[in-house]
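Scroll down for the structure; my scribbles are underneath it.
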Amino acid sequence: TTAVLSVRGRVDRIDRRLDDEGNEELVVVDYKTSRRTCTEDEARSSLQLAMYAAATARSLRRPCTRVELHHVPSATV
Numbered sequence: 005t006t007a008v009l010s011v012r013g014r015v016d017r018i019d020r021r022l023d024d025e026g027n028e029e030l031v032v033v034d035y036k037t038s039r040r041t042c043t044e045d046e047a048r049s050s051l052q053l054a055m056y057a058a059a060t061a062r063s064l065r066r067p068c069t070r071v072e073l074h075h076v077p078s079a080t081v
């Protein structure tokens, strides 16, 4: 059986940048405003961020392999 799951969310920002080889890439930027910062492991295993990247790639029909967390209170990226 196949299940259908509907998910709703809003990406804070999508950038088009050049990677180290000069190729254009899409980068999803998610702003976090809570006082607590995420660890690198939490960010890497975040279902929310993975879904943002997948939804961006699907809607813009281009690969999106990079997501950044910008922690607003501490100015940490």
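Position one of the sequence shown corresponds to residue 5 (the numbering used here), numbered consecutively onward.
Every residue gets a Cβ at the ideal spot worked out from N, C-alpha and C, and that includes glycine.
- Ranked by how close their Cα comes to the Cα of residue 77, the residues 41, 48 and 22 have 41 in first place.
- According to the DSSP assignment, residue 39 belongs to no alpha helix (DSSP H), since it is labelled neither H nor E.
- If you draw a 10 Å sphere on the C-beta of residue 32, you find 16 or more other C-beta atoms in it, and that means buried.
- Remark: C-beta atoms of residue 56 and residue 34 approach each other more closely than 8 Å.
- In terms of Cα proximity to residue 48, the closest of 19, 69, 62 and 7 is 69.
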